[in-house]
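Contents: one structure, followed by commentary.
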Amino acid sequence: ETAMANWQSTLIAGASFAILAACGQAKTADTEPAAELEAFAAVDTNRISTASAGDEWLTYGGTYDEQRHSSLIEVNTETVSDLGVAWTYDLATNRGVESTPIVVDGVMYVTSAWSLVYALDAKTGEELWVYDPDVDRAVGVKACCDVVNRGVAVYDGKVFVGVIDGRLEALDAETGEVVWSKITVDQSKPYTITGAPRVVNGKVLIGNGGAELGVRGYLTAYDTTTGDKVWRFYTVPNPEKQPDGEISDAAFEDIGNVTWGDEGAWVTDGGGGTVWDSIVYDDVNDQIIFGVGNGSPWNREFRDPSGGDNLFLSSIVAVDAATGTYKWHFQTTPGDNWDYTATQTIILADLPVGEDGESRRVAMQAPKNGFFYVLDAETGAFLSGDAFVPMNWAEGLDENGRPIEIADARYGAVPYEQLPGPLGAHNWHPMAFNPDLNLAYIPAQEIPQSYARDSRFETQPVGWNTGADFAAGVPPIAPPEVAKFLRSTLKGRLIAWDPIAREARWTVEHDNAWNGGVLSTAGGLVFQGKLNGDFAAYDAATGDKLWSHDLKSGGASGPGTFMIEGEQYVTITTGWGSAFGLSAGFAYDETVPSTVGKVVTFKLGGTGEIADPDFPMIDKTPKGEAFGDEALIAEGAVHYARNCTVCHGPLAVSSGVLPDLRWSAISGHAESFKGVVIDGNLAANGMVSFADHLTPEEVESIRAYVLAQAYAAVPADAGGN
Numbered sequence: 002e003t004a005m006a007n008w009q010s011t012l013i014a015g016a017s018f019a020i021l022a023a024c025g026q027a028k029t030a031d032t033e034p035a036a037e038l039e040a041f042a043a044v045d046t047n048r049i050s051t052a053s054a055g056d057e058w059l060t061y062g063g064t065y066d067e068q069r070h071s072s073l074i075e076v077n078t079e080t081v082s083d084l085g086v087a088w089t090y091d092l093a094t095n096r097g098v099e100s101t102p103i104v105v106d107g108v109m110y111v112t113s114a115w116s117l118v119y120a121l122d123a124k125t126g127e128e129l130w131v132y133d134p135d136v137d138r139a140v141g142v143k144a145c146c147d148v149v150n151r152g153v154a155v156y157d158g159k160v161f162v163g164v165i166d167g168r169l170e171a172l173d174a175e176t177g178e179v180v181w182s183k184i185t186v187d188q189s190k191p192y193t194i195t196g197a198p199r200v201v202n203g204k205v206l207i208g209n210g211g212a213e214l215g216v217r218g219y220l221t222a223y224d225t226t227t228g229d230k231v232w233r234f235y236t237v238p239n240p241e242k243q244p245d246g247e248i249s250d251a252a253f254e255d256i257g258n259v260t261w262g263d264e265g266a267w268v269t270d271g272g273g274g275t276v277w278d279s280i281v282y283d284d285v286n287d288q289i290i291f292g293v294g295n296g297s298p299w300n301r302e303f304r305d306p307s308g309g310d311n312l313f314l315s316s317i318v319a320v321d322a323a324t325g326t327y328k329w330h331f332q333t334t335p336g337d338n339w340d341y342t343a344t345q346t347i348i349l350a351d352l353p354v355g356e357d358g359e360s361r362r363v364a365m366q367a368p369k370n371g372f373f374y375v376l377d378a379e380t381g382a383f384l385s386g387d388a389f390v391p392m393n394w395a396e397g398l399d400e401n402g403r404p405i406e407i408a409d410a411r412y413g414a415v416p417y418e419q420l421p422g423p424l425g426a427h428n429w430h431p432m433a434f435n436p437d438l439n440l441a442y443i444p445a446q447e448i449p450q451s452y453a454r455d456s457r458f459e460t461q462p463v464g465w466n467t468g469a470d471f472a473a474g475v476p477p478i479a480p481p482e483v484a485k486f487l488r489s490t491l492k493g494r495l496i497a498w499d500p501i502a503r504e505a506r507w508t509v510e511h512d513n514a515w516n517g518g519v520l521s522t523a524g525g526l527v528f529q530g531k532l533n534g535d536f537a538a539y540d541a542a543t544g545d546k547l548w549s550h551d552l553k554s555g556g557a558s559g560p561g562t563f564m565i566e567g568e569q570y571v572t573i574t575t576g577w578g579s580a581f582g583l584s585a586g587f588a589y590d591e592t593v594p595s596t597v598g599k600v601v602t603f604k605l606g607g608t609g610e611i612a613d614p615d616f617p618m619i620d621k622t623p624k625g626e627a628f629g630d631e632a633l634i635a636e637g638a639v640h641y642a643r644n645c646t647v648c649h650g651p652l653a654v655s656s657g658v659l660p661d662l663r664w665s666a667i668s669g670h671a672e673s674f675k676g677v678v679i680d681g682n683l684a685a686n687g688m689v690s691f692a693d694h695l696t697p698e699e700v701e702s703i704r705a706y707v708l709a710q711a712y713a714a715v716p717a718d719a720g721g722n
């Protein structure tokens, strides 16, 4: 989170949290998986390499190529209308859920917020065990985009999970007991882990997050048996541009160091470049291909005034799988200035894109910057790149794939309303690829952002270090109509992209901007959820909507599918949260309260039901008297935008993931507000003290702004309590 993250609302009933606490206790059921196995979860590289995402779902993207395309056909265009709920399972959280379930030998392994791991009977949903890594909730302040987790890896009888506080842990797949635990980051710095590990040839690979708060990124391989480090590849040089004693040293000496200057905030902030999501094993070329994130701070003017490309920020990088030795890279956004990460889904496939139409092994990505890239997987050579969404930061790509930038996009004091914004044209949501149709399915979006140089920028010990002023051009007081108008400008869509013709084959427009991950099947279907709860199946060839079901919660996760005893199941994890829910889902749906996350699994003829949300609605009236003149409120708007927006929502309008400060009783009392923000009275709940970079006077200006927004949102005669 960023400033004011995880503030425990006094408006949420205690009973609701008691329910969640009860759900979160680690326990082991007396039941065992249905099948008796000679070797429990005996997954190895060969088993994953030869899998077709059929009966099982062995790795995050279904197969090593990460196409998220299943060979199953029982659920198809003719039968999908009969799909119904087989079972549901309540996860121990009311925060964001992004996990793709892994299914091995009839057991489903899934994660929820705060890195909890669950083992379930994949046929019935019966709980086998739950592992709680007991994360200090104060670490939530380091999580940019909610305390989410995208899943586990299973290998050699062990379940591997990246814990939000920077641990990588190996659990016994049968019992959930810890086999080994390694701290992979400097825990004194704002590192986090939200991504799913990958496993290959006895090594488990994990990256980290935290670039916007100020860290230095890297990818590390650990021995699956012992947890010992095998190799590490840094993605940006160290401040002295000297060797680290790691395998990435040669790459920086040869090509990386010269792309960085000797001054700027990167020297103290680490430079960024975290590897927080996409990690792919290319078994044909025996290499790891991974995506690299944004710079720290975002604004290159502050990060590195020399104006270099800053390798390997916003790049796709390939290294030798055994040693981590650099092989090639392709930078999607040189000198990234906008949080245009290249960490989005990387898919490997064989396509007729070579000379005379011969088949060529390619790597495909649709990153945040809005271009769809096709690269030669062996060499990284640029083959094609085309805009898949509207944009106003670049006119196109040159013959080498370098963006032809629009000058105003390198923002200064004058705000520039830009597409894509920092949430990107495509974010973490997994895309999929149908090799029979040669179509990539992209969960795309249009979420603009006004960028301007932050004239007050200085590195903060807690909070975001972007160098951009997101309060520029925003009115100090905005009635609800403003929030509703801003929400109406956000668009989401599912795009079937033809990488050979280099154009969209079909597009489905959504009524909300934040899409869900995508699943493709040989049954001619594309499954996708949305944060409004609509889980739908589309005809893979035409985009016609063939089936949908209300999940009664957000469906942003990547769906999966598997088969047990001749029945095909389709599964998805649900929950309300993530980056959009925190920072852009404001006024998303004021009638829907928070819900407990779930695993929801469907099958043909299923007759189960999804329980309705039972959290209490919030009393939406101000809890204190408005105060302060226009100047004080305007000052509060600036400090709120810099410190609070990304967790509690723009314009002080929360979407319900974290408390809406307008309706909090704490906001109505100066001492209570100061006690939380300055004194850290709710640090145990994740709302740590901001005394290091907010004065009591600045905190009071934030409170004035919050209350002004509260009164702007209620009828004139409503008054406060």
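In the working numbering, the protein residues as written are 2 to 722. Positions of the beta carbon are idealized from the N, C-alpha and C atoms, including for glycine.
query, result
"Cutoff 6 Å; reference Gly386; Cβ partners in own chain excluding five residues on either side", "Phe372, Tyr374, Leu398 and Gly402"
"Residues near Asp83 by beta carbon distance below 7 Å, same chain, minus five either side", "Leu605 and Gly606"
"contact_flag[the stretch 91-103, the stretch 538-545] where n(CB pairs < 8 Å) is 3 or more", "no"
"Contacts around Asp283, its chain only, beta-carbon distance under 7 Å, and the 5 residues preceding and following it disregarded", "Ile290, Leu349 and Ala378"
"For Ala252 and Ala144, the rounded distance between their alpha carbons", "29 Å"
"Check whether Gly210 and Thr193 have beta carbons under 8 Å apart", "yes"
"Inter-residue CB distance, Gly578 and Leu552 (contact presumed, cutoff 8 Å)", "Incorrect: roughly 14 Å between the Cβ atoms, too far for contact."
"Contact between the stretch 174-190 and the stretch 143-162 (3+ Cβ pairs under 8 Å)", "yes"
"Residues near Ile347 by beta carbon distance below 8 Å, same chain, minus five either side", "Glu67, Ser279, Val281, Ile290, Phe291, Gly292, Ile317, Ala364, Met365 and Gln366"
"Buried or exposed by the 16-neighbour rule on C-beta atoms within 10 Å, applied to Phe628", "exposed"
"Which residues DSSP lists as bridging Val160, in chain order", "Val155 and Leu172"
"Status (buried if at least 16 other CB within 10 Å, exposed otherwise) for Gln243", "exposed"
"Residues near Leu38 by beta carbon distance below 7 Å, same chain, minus five either side", "Here the model assigns Leu38 a pLDDT of 43, short of 50, so the residue's position is not dependable, and the following value carries that caveat. So the qualifying residues of the chain are Asp106."
"Ser690 to Phe674 span [Cα, whole Å]", "11 Å"
"Met618, buried or exposed, once every other Cβ within 10 Å from all chains shown has been counted against 16", "exposed"
"Continuous alpha helix (DSSP H) stretch holding Gly676: start and end", "Ala671 to Val678"
"Secondary structure of Ile407, DSSP reduced to three states", "coil"
"Contact set for Asp45: own chain, Cβ-Cβ below 8 Å, skip 5 residues either direction", "Tyr156 and Asp157"
"Local conformation of Pro651 per DSSP, three classes", "helix"
"Endpoints, the alpha helix (DSSP H) within which Glu128 is located", "Not the alpha helix (DSSP H): Glu128 falls in the beta strand (DSSP E), residues Glu128 to Tyr132."
"Within 8 Å, strictly: CB atoms of Val231 and Ser297", "no"
"Stretch-stretch touch, CB-based, cutoff 8 Å, three pairs: the stretch 636-654 with the stretch 128-135", "no"
"Delimiting residues of the alpha helix (DSSP H) encompassing Thr574", "Thr574 -> not in any alpha helix (DSSP H); beta strand (DSSP E) instead, spanning Glu568 to Thr575."
"Under the three-state DSSP convention, the category Asp305 falls into", "coil"
"Backbone CA spacing between Tyr119 and Trp515 [nearest angstrom]", "26 Å"
"Cα-Cα separation between Trp277 and Pro449, rounded to whole angstroms", "23 Å"
"In DSSP terms, what Ala433 is bridged to", "Tyr442"
"Sequence-distant residues of the same chain with beta carbon closer than 7 Å to Glu57, five excluded per side", "Val104, Val105 and Phe563"
"Exposure of Asp455, with buried meaning 16 or more beta-carbon neighbours within 10 Å", "buried"
"Per DSSP, cross-strand counterpart(s) of Trp232", "Ala222"
"Proximity of Gln419 and Trp339 at Cβ, strictly below 8 Å", "yes"
"Nonlocal neighbours in the same chain, by C-beta distance under 6 Å from Lys183, ignoring five residues either side", "Leu169 and Gly228"
"Contiguous beta strand (DSSP E) assignments of at least 3 residues, all confined to the stretch 277-329", "280-283, 288-292 and 316-321"
"For Gln450: DSSP bridge partner residues", "Gln419"
"Buried/exposed call for Ile501, threshold 16 Cβ in 10 Å", "exposed"
"Close Cβ partners of Glu356 (< 8 Å) along its chain, the five nearest in sequence each way excluded", "none"
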